[in-house]
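Protein chains in written order, with full-length UniProt numbering: chain A, 1 to 146; chain B, 1 to 146. Positions of the beta carbon are idealized from the N, C-alpha and C atoms, including for glycine.
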DNA sequence: CTCCATCGTTGACAACCTCCACGATACCGA
DNA sequence: TCGGTATCGTGGAGGTTGTCAACGATGGAG
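1. Would residue 45 (chain A) and residue 84 (chain A) qualify as a contact pair, given that the criterion is a beta-carbon distance under 9 angstroms?
2. Report buried or exposed for residue 72 (chain B), applying the criterion of at least 16 other Cβ atoms within 10 angstroms of its Cβ.
3. Excluding the 5 residues preceding and the 5 following residue 41 (chain A) in the sequence, name in chain order all residues of the same chain whose CB lies nearer than 7 angstroms to its CB.
4. Using a Cβ-Cβ cut-off of 9 angstroms, state whether residue 109 (chain B) counts as contacting chain A.
5. Using the three-state DSSP reduction, which class does residue 115 (chain A) fall into: helix, strand or coil?
6. From the DSSP output, which residues share a beta bridge with residue 56 (chain A)?
7. Quick check on residue 130 (chain A): does DSSP put it in helix, strand or coil?
8. Looking at residue 129 (chain B) and residue 27 (chain B), is the spacing between their C-beta atoms short of 9 angstroms?
9. Does any CB atom of chain B fall closer than 9 angstroms to the CB of residue 95 (chain A)?
10. Is residue 38 (chain B) helix, strand or coil by DSSP?
11. Whose Cβ in chain A lies nearer than 7 angstroms to the Cβ of residue 103 (chain B)?
12. Does any C-beta atom of chain B lie closer than 9 angstroms to the C-beta of residue 161 (chain A)?
13. Check whether the Cβ atoms of residue 24 (chain B) and residue 145 (chain A) sit closer than 9 angstroms, and answer yes or no.
14. In the DSSP assignment, what residue or residues form a beta bridge with residue 87 (chain B)?
15. Rounded to the nearest angstrom, how far is the Cβ of residue 30 (chain B) from that of residue 104 (chain B), given a contact under 8 angstroms?
16. Out of B:32, B:122 and B:88, which one is the CA nearest neighbour of residue 157 (chain B)?
17. Between B:107, B:53, B:20 and B:68, which lies nearest to residue 121 (chain B) when the distance is taken from Cα to Cα?
18. Along the chain, where does the alpha helix (DSSP H) containing residue 78 (chain B) start, and where does it finish?
19. Label residue 111 (chain A) either buried or exposed according to how many other C-beta atoms from any shown protein chain fall within 10 Å of its C-beta, with 16 as the threshold for buried.
20. How should residue 107 (chain B) be labelled, buried or exposed, when 16 other C-beta atoms within 10 angstroms of its C-beta is the threshold for buried?
21. Quick check on the DSSP output: the alpha helix (DSSP H) that includes residue 30 (chain A) runs from which residue to which?
22. Identify, in the order they occur along the chain, each residue of the same chain with its Cβ nearer than 6 angstroms to the Cβ of residue 61 (chain A), setting aside the five sequence neighbours on each side.
23. Inspect the beta-carbon positions of residue 137 (chain B) and residue 134 (chain A) and report whether they are closer than 9 angstroms.
24. Of the residues that make up the region 134 to 146 of chain B, which ones have a beta carbon closer than 8 angstroms to any beta carbon in chain A?
25. Of the residues A:123, A:96, A:100 and A:131, which one's Cα is nearest the Cα of residue 59 (chain A)?
26. Looking at the structure shown, is residue 47 (chain A) part of a helix, part of a strand, or coil, going by DSSP?
27. Only counting the same chain, and skipping five residues up and downstream in sequence, which positions put a Cβ closer than 8 angstroms to that of residue 114 (chain B)?
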């Protein structure tokens, strides 16, 4: 990979971060395309599936680091395909809880298999200890950057 | 940061990668805004500055992981501001070498100072050894993902 | 009750990514 | 020398993402 060497940006962590991130996202998107999903929608679906009581759109925006207006569209698409449904919250009538349907949960299972398999190529070569450390470092970077 | 805990995506390296990357890019963009630059243009400028003989647009696309058509626009913008110039290559008349002007080099100095200072918040808390390891891991991920 | 914050939603706009097609040039094999 | 094939830069189309401002509806504090 001679293109890698000798360039100053190769030392820039920010650059390496975005380049690696882009590569992984591309790979994941390709794997999810067969299910008609992109990473963004897939992330929302996963979060909805794992929230037993449903999850607020505001929470989705916070966790995903997205603008709330984007979450509206993502949930619209998922709801339009019957993968997710919006249920009014009894506690706070401003919020609408996003819940996964049975169809959504089934699709999530399939999609997750393909996604993890595809990402196995770039990330599989990391040892468990390395993964843990990487998780820790990335989380610290995110919290520090706000 | 209770929003961090308890969500399944918090364990997904791909997700953490893109979220951390997004945060760093946002921070860098904010720091570069004063110079009228975005990270993309800044990256091109840096590469042009550090290539004594100039750099091919194809090389830029390869190193940055961009489509060649995007590089055209980025170089157009930089050239329009006099930060960079296109010089026909004598060896291969298909290619046009991108070279930084004196103005471009001066701006790069200033911009680099601000950019590194801004990124110091999220990345400064990493020890040198951690940085080296992170660089290595990110590079391996990128090469494996193609 | 009033004032202010929050949630979801809509709209607009810029930036970005992906793909396809073209002319010009280079390279390689017959 | 010629002809096919590949590469470089460029342009354009279409979809996706990022960012910001506004709005109605609701909640909460004083």
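For this structure:
1. Along the first chain, read from residue 1 onward, the residue named residue 45 (chain A) stands at position 45. Along the first chain, read from residue 1 onward, the residue named residue 84 (chain A) stands at position 84. Residue 84 (chain A) sits close to residue 45 (chain A), with the two beta carbons spaced by under 9 angstroms.
2. For the purposes of this step, residue 72 (chain B) is taken as the residue at position 72 of the second chain. Counting other Cβ atoms within 10 Å of its Cβ, residue 72 (chain B) stays below 16 and is therefore classed as exposed.
3. Stepping through the first chain from its first residue, residue 41 (chain A) is reached at position 41. Excluding sequence neighbours, residue 41 (chain A) sits near 74, 77 and 78.
4. Here residue 109 (chain B) corresponds to residue number 109 of the second chain, with the count starting at 1. Not one chain A Cβ lies under 9 angstroms of residue 109 (chain B).
5. For the purposes of this step, residue 115 (chain A) is identified with residue 115 of the first chain, where counting begins at 1. Reduced to three states, the DSSP call for residue 115 (chain A) is helix.
6. Mapped onto the first chain, residue 56 (chain A) falls at position 56. DSSP lists A:97 as partners of residue 56 (chain A).
7. The residue given as residue 130 (chain A) occupies position 130 in the first chain. Correct three-state label for residue 130 (chain A): helix.
8. Walking along the second chain from the start, residue 27 (chain B) turns up at place 27. Walking along the second chain from the start, residue 129 (chain B) turns up at place 129. Contact: no.
9. Indexing the first chain from 1 puts residue 95 (chain A) at position 95. Using a Cβ-Cβ cut-off of 9 angstroms, residue 95 (chain A) does not count as an interface residue toward chain B, since no Cβ of chain B sits closer than that to its own.
10. Along the second chain, read from residue 1 onward, the residue named residue 38 (chain B) stands at position 38. Three-state result, residue 38 (chain B): coil.
11. Locating residue 103 (chain B) in the second chain gives position 103, counting from the first residue. Simply none; closest approach about 19 angstroms.
12. Residue coverage of chain A in this structure runs from 1 to 146, which leaves residue 161 (chain A) outside it and unanswerable.
13. The sequence position of residue 24 (chain B) within the second chain is 24, counting from 1. The sequence position of residue 145 (chain A) within the first chain is 145, counting from 1. By the CB criterion at 9 angstroms, residue 24 (chain B) and residue 145 (chain A) fall inside the cutoff.
14. Counted from its first residue, the second chain places residue 87 (chain B) at position 87. According to DSSP, residue pairing for residue 87 (chain B) in a beta bridge involves B:97.
15. Taking the second chain and counting its residues from 1, the one referred to as residue 30 (chain B) is at position 30. Taking the second chain and counting its residues from 1, the one referred to as residue 104 (chain B) is at position 104. 21 angstroms between Cβ atoms; not a contact.
16. The question about residue 157 (chain B) has no answer, for chain B in this structure spans 1 to 146.
17. Taking the second chain and counting its residues from 1, the one referred to as residue 121 (chain B) is at position 121. Of the candidates B:107, B:53, B:20 and B:68, the one whose C-alpha sits nearest the C-alpha of residue 121 (chain B) is B:20.
18. Your numbering for residue 78 (chain B) matches position 78 in the second chain. From DSSP, the alpha helix (DSSP H) with residue 78 (chain B) extends over 68 to 80.
19. Here residue 111 (chain A) corresponds to residue number 111 of the first chain, with the count starting at 1. In this structure residue 111 (chain A) is buried. Its beta-carbon is surrounded by 16 or more other beta-carbon atoms within 10 angstroms.
20. Position 107 of the second chain, counting from 1, holds the residue named residue 107 (chain B). Per the 10 Å Cβ criterion, buried.
21. Numbered from 1 along the first chain, position 30 holds the residue referred to as residue 30 (chain A). Residues 13 to 32.
22. Residue 61 (chain A) sits at position 61 when you count from the first residue of the first chain. For residue 61 (chain A), where only same-chain residues beyond five positions count, the Cβ hits under 6 angstroms are 68 and 71.
23. On the second chain, residue 137 (chain B) is found 137 positions in, with the first residue counted as 1. On the first chain, residue 134 (chain A) is found 134 positions in, with the first residue counted as 1. Yes, they are a contact pair.
24. In summary, the residues of the region 134 to 146 of chain B whose CB is separated from some CB of chain A by less than 8 angstroms are 134, 135, 137, 138, 139, 140, 141, 142, 143, 144, 145 and 146, in the order they occur in the chain.
25. Position 59 of the first chain, counted from the start, is the residue given in the question as residue 59 (chain A). Closest in alpha carbon position to residue 59 (chain A), among A:123, A:96, A:100 and A:131, is A:96.
26. Sequence index remark: in the first chain, residue 47 (chain A) carries index 47 (1-based). Secondary structure at residue 47 (chain A): helix, using DSSP grouped into helix, strand and coil.
27. Position 114 of the second chain, counted from the start, is the residue given in the question as residue 114 (chain B). Excluding residues within five positions, the ones whose Cβ falls inside 8 angstroms are 31, 32, 34 and 35.
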